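Visitor: Protein chains in written order, with UniProt numbering: chain A, 1 to 276; chain B, 1 to 329.
Cβ atoms here follow ideal geometry from the backbone N, Cα and C, with glycine treated the same way.
This structure is a prediction, so every number in the text was calculated from the model and none was measured.
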């Protein structure tokens with residue numbers, strides 16, 4: 001459970017807050033990966049409101065959880081969570097991608113709550129496996145949660161880590177695949193087919209928990225499922241790119257975009273209307 | 001191999017053993033012995049391998065501190081970086097041609113960029129596995145790794161230096177690349193000289209020519225070339241640059257201050273590595289002309305023993321003498 005938040009916030013509130021903040025950050029002339037940030041808003045919301053123990057490492061204990069955003073292009077969603085949970089000042093979000101900002105287009109290690117710089121795809125799962133294994137070997141009760149993009153699974157290093165995690169029985173490692181179905185060039189399965197994705201992970205020895213990545217009850221149930229000893233877990237989260245902004249949902253153009261003031265107000269209005 | 005590595009228990013015992021057997025012991029075994037001794041003292045030291053056969057010594061005695069990740073160097077480096085949240089230092093062992101070239105992005109971002117205490121130890125470096133062919137030659141690693149911020153790059157010249165370097169890098173707080181060969185090579189030191197990370201070893205006092213070398217064979221080439229020049233009445237100094245980064249600029253400037261020519265020798269491409277580092281210093285500070293001896297900028301599909309390939313590339317005492325005399329005019 002979240003221990004470092006100054007005020008308890010529900011997953012429902014947090015998800016809405018992440019989406020609002022991501023839309024506000026999309027004012028950046030450098031563009032925001034809005035589609036992939038909104039697709040993980042519900043996953044991040046349940047993780048940070050209900051699941052993760054001291055994810056920003058603010059407490060004294062080594063017994064804590066680590067969240068690695070391997071799909072680092074969705075950094076805006078992570079910054080929104082860090083602001084909403086009091087890890088970074090809310091006003092700082094306005095500096096997104098500006099000169100000297102701590103908030104880059106991909107997360108950087110020096111930011112509180114970011115243990116590893118990510119964004120070069122295919123790095124997060126090996127890092128998470130290292131966190132999980134070292135926790136065990138050094139007697140720390142650590143869990144590692146790694147959020148992967150589905151397009152990112154085209155990088156081979158993920159499968160090296162998947163093989164090793166099952167072999168070494170890293171049951172304190174959870175991968176969460178944001179299966180939103182899109183990458184820069186279009187639909188992920190047109191670019192490089194990934195299915196049958198469940199079978200692939202299961203074939204590597206993982207417990208596979210498919211969920212609707214916008215249904216908090218399903219996400220909650222998967223992330224709180226009792227550990228299956230010796231087996232790492234992958235949550236295959238079926239999501240909608242840019243979920244919550246109907247005009248942008250499921251579009252290639254939502255990959256990276258700058259929204260002007262009008263577009264942002266429309267998006268915020270759509271968000272409130274959709275009740276996402 | 002197992003008993004040879006496990007028999008000596010403490011760091012001091014390993015140092016004594018390596019010194020006493022320095023002419024027959026392989027650097028990689030001196031390293032493995034020392035790593036085990038260090039790991040016995042530090043329960044948070046982790047030893048990761050990419051199928052490097054630590055199963056019959058390290059893993060048998062200290063299984064909790066050992067993880068074999070299989071033939072998967074990118075994952076090896078990422079896992080090593082991740083482990084530093086609890087463990088330190090973390091040694092990541094692999095064959096250097098694959099550890100460095102294949103996992104370069106992981107090293108750049110997860111290890112060097114993050115300034116984490118991961119010690120990448122690459123065996124079979126340079127032309128050490130010549131008979132396996134060019135897929136197994138590692139001739140770009142020094143150039144590639146020395147470009148990365150925070151990285152310390154160490155190339156011991158013999159088993160004795162390897163044992164000491166292993167202690168030094170375990171104590172160092174940052175990321176390190178330790179470059180090792182495959183076979184035992186002749187010992188370079190006549191006495192138990194101390195090893196200081198980042199401080200070049202003066203093996204022969206400065207003269208008209210300065211040889212600067214890194215690694216086992218290049219240092220033996222430099223030592224022989226300096227002796228041959230002396231026999232011809234030309235004084236020649238010899239610096240062993242066992243630490244390629246951070247580069248001991250002052251040692252090179254001091255040793256070359258009165259020299260008329262500098263000759264660099266490395267079992268690495270002649271561009272990007274030690275020779276380039278020396279040229280950078282000379283170009284910035286002023287100094288005598290530099291000749292670089294290394295592997296030419298061509299891809300050889302060439303197989304042969306290490307000595308054969310070194311000879312083919314001109315990494316020989318004869319060539320070092322010829323280059324020195326030619327530079328003197």
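Take every Cβ of the region 91-103 of chain B, pair it with every Cβ of the region 42-56 of chain B, and state whether three or more of those distances are shorter than 8 angstroms.
Guide: With the cut-off at 8 angstroms, the region 91-103 of chain B and the region 42-56 of chain B touch.
Visitor: Beta carbons nearer than 7 angstroms to chain A: which residues of the region 98-111 of chain B have them?
Guide: So the close ones are 105, 106, 109 and 110.
Visitor: CA-CA distance, residue 183 (chain A) and residue 255 (chain A)?
Guide: Position 183 of the first chain holds residue 183 (chain A). Position 255 of the first chain holds residue 255 (chain A). Near 7 angstroms, if we compare the C-alpha coordinates of residue 255 (chain A) and residue 183 (chain A).
Visitor: Assign residue 4 (chain A) to one of three DSSP states: helix, strand, or coil.
Guide: Here residue 4 (chain A) is taken as the residue at index 4 of the first chain, counted from 1. Confidence is the limiting factor: at residue 4 (chain A) the pLDDT is only 46, short of 50, which leaves the residue's position unreliable, though a coordinate-based value still follows. Correct three-state label for residue 4 (chain A): coil.
Visitor: Indicate whether residue 129 (chain A) and residue 165 (chain A) have their beta-carbon atoms separated by less than 8 angstroms.
Guide: Residue mapping note: residue 129 (chain A) aligns to position 129 of the first chain, counting from 1. Residue mapping note: residue 165 (chain A) aligns to position 165 of the first chain, counting from 1. In contact: residue 129 (chain A) and residue 165 (chain A) (Cβ atoms closer than 8 angstroms).
Visitor: Quick one: residues in its chain with C-beta nearer than 8 angstroms to the C-beta of residue 197 (chain B), no 5 flanking neighbours on either side, listed in chain order?
Guide: In the second chain, counting from the first residue as 1, residue 197 (chain B) sits at position 197. The answer, listed in chain order, is 152, 154, 165, 168, 169, 172 and 243.
Visitor: Out of A:112, A:132, A:83 and A:88, which has the shortest C-alpha to C-alpha gap to residue 170 (chain A)?
Guide: As a first step, residue 170 (chain A) is located in the first chain; it is residue number 170 there, counting from the start. Nearest of A:112, A:132, A:83 and A:88 to residue 170 (chain A), Cα basis: A:132.
Visitor: Applying a beta-carbon distance threshold of less than 8 angstroms, which residues of chain A neighbour residue 64 (chain B)?
Guide: For the purposes of this step, residue 64 (chain B) is taken as residue 64 along the second chain, with counting starting at 1. By Cβ distance, chain A contributes 137.
Visitor: Under the three-state reduction of DSSP, which class applies to residue 128 (chain B): helix, strand or coil?
Guide: By one-based count along the second chain, residue 128 (chain B) stands at place 128. Here residue 128 (chain B) sits in coil by DSSP.
Visitor: Find the nearest neighbour of residue 9 (chain A) within the set A:82, A:37, A:72 and A:36, judged by alpha-carbon distance.
Guide: The count along the first chain starts at 1 and reaches residue 9 (chain A) at position 9. Comparing Cα positions, the closest option is A:82.
Visitor: Determine, using beta carbons only, whether residue 130 (chain A) comes closer than 8 angstroms to chain B.
Guide: Start at 1 with the first residue of the first chain, and residue 130 (chain A) comes out as number 130. Answer yes: the Cβ-Cβ gap between residue 130 (chain A) and chain B drops below 8 angstroms somewhere.
Visitor: Could you give the distance in angstroms between the alpha-carbon of residue 205 (chain A) and the alpha-carbon of residue 73 (chain A)?
Guide: On the first chain, position 205 is the one that residue 205 (chain A) refers to. On the first chain, position 73 is the one that residue 73 (chain A) refers to. Going by the C-alpha atoms only, they are around 28 angstroms apart.
Visitor: Considering only DSSP beta bridges, list what residue 212 (chain A) is partnered with.
Guide: To locate residue 212 (chain A), count along the first chain from 1; it is residue 212. Per DSSP, A:238.
Visitor: Less than 8 angstroms between the CB atoms is what I'm expecting for residue 238 (chain A) and residue 273 (chain A), so what's the real figure, rounded?
Guide: Residue 238 (chain A) sits at position 238 when you count from the first residue of the first chain. Residue 273 (chain A) sits at position 273 when you count from the first residue of the first chain. About 23 angstroms separates the two Cβ atoms, so there is no contact after all.
Visitor: Residue 3 (chain B): buried (16+ other C-beta within 10 angstroms of its C-beta) or exposed?
Guide: Here residue 3 (chain B) corresponds to residue number 3 of the second chain, with the count starting at 1. So residue 3 (chain B) ends up on the exposed side.
Visitor: Quick one: Cα of residue 222 (chain A) to Cα of residue 117 (chain B), how far?
Guide: Residue mapping note: residue 222 (chain A) aligns to position 222 of the first chain, counting from 1. Residue mapping note: residue 117 (chain B) aligns to position 117 of the second chain, counting from 1. Their Cα atoms are separated by approximately 35 angstroms.
Visitor: When you compare the CB positions of residue 175 (chain A) and residue 146 (chain A), do they come within less than 8 angstroms of one another, or not?
Guide: Here residue 175 (chain A) refers to the residue found at position 175 when the first chain is read from its first residue. Here residue 146 (chain A) refers to the residue found at position 146 when the first chain is read from its first residue. Yes.
Visitor: Suppose contacts are defined by Cβ-Cβ distances below 8 angstroms. Is residue 317 (chain B) in contact with residue 224 (chain B) by that definition?
Guide: As a position in the second chain, residue 317 (chain B) is number 317, starting the count at 1. As a position in the second chain, residue 224 (chain B) is number 224, starting the count at 1. Yes, the pair counts as a contact, with Cβ atoms nearer than the cut-off.
Visitor: Please classify residue 60 (chain B): is it buried, with 16 or more other beta-carbons within 10 angstroms of its beta-carbon, or exposed?
Guide: Here residue 60 (chain B) refers to the residue found at position 60 when the second chain is read from its first residue. Under this definition residue 60 (chain B) is an exposed residue.
Visitor: Let me make sure I understand the geometry here. Which of B:286, B:101, B:320 and B:83 has the alpha-carbon closest to that of residue 73 (chain B)?
Guide: Walking along the second chain from the start, residue 73 (chain B) turns up at place 73. Minimum Cα distance to residue 73 (chain B) is reached at B:101.
Visitor: Figure out for me which residue from A:17, A:207 and A:100 has the closest Cα to the Cα of residue 76 (chain A).
Guide: As a working note, residue 76 (chain A) is residue 76 in the first chain. Nearest option by C-alpha distance: A:17.
Visitor: Over what stretch of residues does the alpha helix (DSSP H) that includes residue 322 (chain B) continue unbroken?
Guide: What you label residue 322 (chain B) is simply residue 322 of the second chain in a count that begins at 1. Note, residue 322 (chain B): alpha helix (DSSP H), 317-328.
Visitor: I need the straight-line Cα distance from residue 87 (chain A) to residue 55 (chain A), nearest angstrom please.
Guide: The residue labelled residue 87 (chain A) in the question sits at position 87 within the first chain. The residue labelled residue 55 (chain A) in the question sits at position 55 within the first chain. Computed Cα separation, rounded: 10 angstroms.
Visitor: What in chain A is Cβ-close to residue 69 (chain B), meaning under 7 angstroms?
Guide: As a position in the second chain, residue 69 (chain B) is number 69, starting the count at 1. Correct list: 164.
Visitor: If you check the beta carbons only, do residue 222 (chain B) and residue 211 (chain B) fall under 8 angstroms apart?
Guide: Here residue 222 (chain B) refers to the residue found at position 222 of the second chain. Here residue 211 (chain B) refers to the residue found at position 211 of the second chain. Against a cut-off of 8 angstroms, the Cβ pair of residue 211 (chain B) and residue 222 (chain B) comes out as a contact.
Visitor: Quick one: is residue 142 (chain B) buried, meaning 16 or more other Cβ sit within 10 Å of its Cβ, or exposed?
Guide: For this step, residue 142 (chain B) is matched to residue 142 along the second chain. Per the 10 Å Cβ criterion, buried.
Visitor: Alpha carbon to alpha carbon, how far is residue 121 (chain B) from residue 137 (chain B)?
Guide: Position 121 of the second chain, counted from the start, is the residue given in the question as residue 121 (chain B). Position 137 of the second chain, counted from the start, is the residue given in the question as residue 137 (chain B). Cα-Cα distance, rounded: 15 angstroms.
Visitor: With DSSP collapsed to three states, give me the class of residue 64 (chain B).
Guide: For the purposes of this step, residue 64 (chain B) is identified with residue 64 of the second chain, where counting begins at 1. Helix, per DSSP.
Visitor: Does the Cβ of residue 298 (chain B) have 16 or more other Cβ atoms within 10 Å, making it buried, or fewer, making it exposed?
Guide: Taking the first residue of the second chain as position 1, residue 298 (chain B) is located at position 298. Under this definition residue 298 (chain B) is an exposed residue.
Visitor: Confirm, please, whether the CB-CB distance from residue 282 (chain B) to residue 262 (chain B) is below 8 angstroms.
Guide: For the purposes of this step, residue 262 (chain B) is taken as residue 262 along the second chain, with counting starting at 1. For the purposes of this step, residue 282 (chain B) is taken as residue 282 along the second chain, with counting starting at 1. Their beta carbons are under 8 angstroms apart, which means residue 262 (chain B) touches residue 282 (chain B) by this criterion.
Visitor: Applying the criterion that 16 or more other CB atoms from any shown protein chain within 10 Å of the CB defines a buried residue, is residue 9 (chain B) buried or exposed?
Guide: Stepping through the second chain from its first residue, residue 9 (chain B) is reached at position 9. Exposed, by the Cβ-count rule.
Visitor: For chain B, find out if any of its Cβ atoms is closer than 8 angstroms to the Cβ of residue 229 (chain A); answer yes or no.
Guide: Here residue 229 (chain A) refers to the residue found at position 229 when the first chain is read from its first residue. No, residue 229 (chain A) does not count as interfacial toward chain B.
Visitor: Is the CB of residue 17 (chain A) under 8 angstroms away from at least one CB in chain B?
Guide: For this step, residue 17 (chain A) is matched to residue 17 along the first chain. Chain B contact via Cβ: absent.
Visitor: Shorter than 8 angstroms from the beta carbon of residue 109 (chain A) to some beta carbon of chain B?
Guide: Here residue 109 (chain A) refers to the residue found at position 109 when the first chain is read from its first residue. It does; some Cβ of chain B falls within 8 angstroms.
Visitor: Would you grab the beta carbon distance between residue 237 (chain B) and residue 207 (chain B) for me? Rounded to a whole angstrom, and I think it's under 8 angstroms.
Guide: As a position in the second chain, residue 237 (chain B) is number 237, starting the count at 1. As a position in the second chain, residue 207 (chain B) is number 207, starting the count at 1. Residue 237 (chain B) to residue 207 (chain B), Cβ: 5 angstroms. Contact.
Visitor: Under three-state DSSP, which class holds residue 177 (chain B)?
Guide: Numbered from its first residue, the second chain carries residue 177 (chain B) at position 177. Of the three classes helix, strand and coil, the one that applies to residue 177 (chain B) here is strand, per DSSP.
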